[in-house]
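What follows is a single structure, written as structure tokens, with notes after it.
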Ligand SMILES: Cc1ncc(C[n+]2csc(CCOP(=O)(O)OP(=O)(O)O)c2C)c(N)n1
Ligand code: SF4
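Chains as they are written, first to last, in the working numbering: chain D, 1 to 191; chain R, 1 to 569.
This is the structure we're talking about:
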């Protein structure tokens, strides 16, 4: 939370990884909690497998839809190399939750050790989680890995919402047929 | 579509900027909507396509290009309907030939034109076009919302202004407004009223010909003067004076002029700095409330103008200051970039400089970043992979490759980086033709455009190439949809938004009628008949005549969606 009481979240990943789903769940949870919310997302070219970042901000009163440099409280990286694109928004207290999954780039790459080393230049807590693997195994698809990270954040108190609050947000933002898998993904991280 | 958009009663909910535009238009009682897709405006059309289905009170179409969307709206406005037209910035260039005379004739039924700019080119290739320029060119009144509530409110206001002054009104968005989500309070939807559309002949008003056209120009300027009076009084040009302001304090003599999303960055920056200064937030970009600006700057010592891209407001402020406060220190592009969208931290730094506050600099950390470049879909596998594999096999070294706008432009990124030039929709063929004529038979170009782009503006380009005897090989990648912008229907699919199934436009028949030799037109499926695709490129490349390959294979994502829908029914 910045000194104005705004909680700032960045979600980074590759187009098609379900960034928008996360954005909708989190902002609904904030809305339900009676908070002001602003988000910013991107569509079009970047959605075709390119790097994407979305911004979610909530609090008493939120002005800009963009998270200012160095002001993120929580950064969710749905692809591990993408976490580096979140660093611009991080300060030493920022928590990084990183899905241990790698989508090959067509050029430069970085392995986990190198990513960790880079992140450590700025933040103290960068947590790698096997979200894709677990979701693939337990739910048959890794599209739920973002929701898994969210469940983890709630459990560890990295997010000012309890799992039940996120569960109602899932129900409010998605058609019923998707509830079961997403609610499970939230719960999986809770073990 | 978000079903809540159609809730009859007012409520508080989270909406996307573009959804709020749709809701605002519905609250205003819109009856006729025409659009051409383009990010960041596309959701407006997609939502209206769903809303208008089986709704006889609202007509909607995806036109085949923006000029045609604009003309459809002009016709409907002349027939008395409440109309909305939406497009991205580049679309307004295409539509501008019809837009300019529309301001001369004026509207009859109110007409609102929503245009979405994309500073930083998040989802655009060709330029960082700033549609504000059309204020000077077309004299169109322009409103600039900054948040989602204003998307809704300003759209309604735009309808009111258009109704009152009989001029089309533009609502200008940028990516961070159109694709912002925030909490909005809606109002009740009105009872749908019978359309009452009737075209009543009014040659005096609808026929632009000299000498009458000069009178119309004069009438337009007079209408704008009236709208300016309206703008001077209107609350959407908001003056914010700090609450416990001490008029003697230094900060009271420093002000900010801003509009659009920049206003939100200003407020964020002021809060981060823990200061409060007078802010003039403009809702009207055109006509500008010049008296209000003069009053605002008169007592100031310094003013910071915060706007994205070109310094339009800053230049106006410089002119106005000459009249009322020649000593005023005016800052804008001297402290803020003219290229790329603004970020709140940049605005904070500029403000800090002006008020003389030292900022603790953020630690500069040099870290590696990794970028994923967009690529063709892999699950399911995009047919374009095969198209480009075939071209790579068949085309000799030294071939000039002309690109166009659609998913296939992804081949401009690493690792393919195939294109030698890429501009705007339809231009692959037009520019290729110019190159062909310039170099004679010495070099040869292969151009690539999609079915959507062919129908949008590729047809006249290919006709010109045939008429003036080009020798390019034009490949039309027909994936049976306009894919890049989110899968909107086009004439080649045999589907439209309003009626569902309609007769299909056949690309091979169209180009067949352009005077291109029959044996120089081939239709190939690049996936099922990969070898045929390679052979076709080889054969036609060898000819010193205009030729066309229609590489027809459905977009893999669309195919997957269609299968899902079939399984459901
Ligand atoms: C004048 C203009 N209008 C709209 C756009 C937005 N736009 C970008 S790609 C595209 C779709 C092109 O469709 P198609 O050629 O069929 O290619 P596909 O994406 O299906 O491969 C559109 C409309 C634009 N760039 N310029
Ligand atoms: S959306 Fe369709 S055309 Fe575009 S990359 Fe994916 S499969 Fe290919």
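Backbone N, C-alpha and C fix where the C-beta goes; we use that ideal spot for every residue, glycine too.
Remember, predicted model here, so these are calculated numbers, not experimental data.
Three-state class that DSSP yields for residue i in the structure shown
i                      : result
residue 350 of chain R : helix
residue 267 of chain R : helix
residue 381 of chain R : coil
residue 39 of chain R  : coil
residue 485 of chain R : coil
residue 163 of chain D : helix
residue 99 of chain D  : strand
residue 405 of chain R : coil
residue 541 of chain R : helix
residue 236 of chain R : coil
residue 57 of chain D  : strand
residue 331 of chain R : strand
residue 255 of chain R : strand
For residue i, the nearest candidate out of the options (CA to CA)
i                      : options                       : result
residue 50 of chain D  : R:354, R:25 and R:414         : R:414
residue 362 of chain R : R:81, R:134 and R:349         : R:349
residue 48 of chain R  : R:6, R:291, R:14 and R:212    : R:6
residue 258 of chain R : R:248, R:269, R:252 and R:251 : R:269
residue 417 of chain R : R:370, R:392, R:425 and R:424 : R:392
residue 11 of chain R  : R:157, R:75 and R:186         : R:186
residue 128 of chain D : D:56, D:143 and D:111         : D:111
residue 432 of chain R : R:450, R:536 and R:462        : R:462
residue 206 of chain R : R:160, R:32, R:314 and R:75   : R:75
residue 587 of chain R : R:419, R:369 and R:342        : For chain R, the structure presents residues 1 to 569; residue 587 of chain R sits outside this window and is missing.
residue 381 of chain R : R:556, R:14 and R:166         : R:556
residue 296 of chain R : R:27, R:321 and R:275         : R:321
residue 447 of chain R : R:404, R:58 and R:14          : R:404
Chain-ordered chain R contacts of residue i [CB-CB under 8 Å]
i                      : result
residue 39 of chain D  : 180, 181 and 182
residue 118 of chain D : 367 and 368
Beta-carbon neighbours of residue i, restricted to chain R and to distances below 7 Å
i                      : result
residue 14 of chain D  : 372
residue 101 of chain D : What residue 101 of chain D touches in chain R: nothing, since even the nearest Cβ is about 12 Å away.
residue 81 of chain D  : 370
Cutoff 8 Å: residue i Cβ touching any chain R Cβ
i                      : result
residue 84 of chain D  : yes
residue 121 of chain D : yes
residue 4 of chain D   : yes
residue 107 of chain D : yes
residue 142 of chain D : no
residue 28 of chain D  : yes
residue 159 of chain D : no
residue 209 of chain D : A query on residue 209 of chain D cannot be resolved here, the shown segment of chain D reaching from 1 to 191 and no further.
residue 113 of chain D : no
residue 36 of chain D  : yes
residue 33 of chain D  : no
residue 77 of chain D  : no
residue 110 of chain D : yes
Any chain D beta carbon closer than 8 Å to residue i
i                      : result
residue 367 of chain R : yes
residue 425 of chain R : no
residue 344 of chain R : yes
residue 415 of chain R : yes
residue 407 of chain R : yes
residue 362 of chain R : yes
residue 212 of chain R : no
residue 14 of chain R  : yes
Residues that residue i contacts on chain D, provided the C-beta gap is smaller than 7 Å
i                      : result
residue 71 of chain R  : What residue 71 of chain R touches in chain D: nothing, since even the nearest Cβ is about 26 Å away.
residue 267 of chain R : 63
residue 264 of chain R : 63, 64 and 65
residue 481 of chain R : Per Cβ cutoff of 7 Å: no residues; residue 481 of chain R is ~14 Å from chain D at best.
Chain R contact residues for residue i, given Cβ-Cβ distances below 9 Å
i                      : result
residue 166 of chain D : The contacting residues do not exist; residue 166 of chain D stays about 15 Å from chain R at best.
residue 131 of chain D : The contacting residues do not exist; residue 131 of chain D stays about 18 Å from chain R at best.
residue 49 of chain D  : 372, 373, 374, 375, 376, 377, 378 and 410
Residues that residue i contacts on chain D, provided the C-beta gap is smaller than 8 Å
i                      : result
residue 122 of chain R : 42, 44, 45 and 46
residue 176 of chain R : 40, 65 and 66
Partners in chain D for residue i, counting only beta-carbon separations shorter than 9 Å
i                      : result
residue 449 of chain R : Near residue 449 of chain R there are no residues of chain D at all, since even the closest Cβ is about 17 Å away, more than 9 Å.
residue 40 of chain R  : 42, 43 and 44
residue 272 of chain R : 2, 3, 4, 68 and 71
residue 484 of chain R : 44, 45 and 48
For ligand 2, residues whose Cβ lies under 7 Å from any non-hydrogen atom = Counting every residue whose Cβ lies closer than 7 Å to a heavy atom of ligand 2, we get D:48, R:376, R:377, R:380, R:382, R:383, R:384, R:407, R:410, R:479, R:483, R:484, R:555, R:556, R:557 and R:558.
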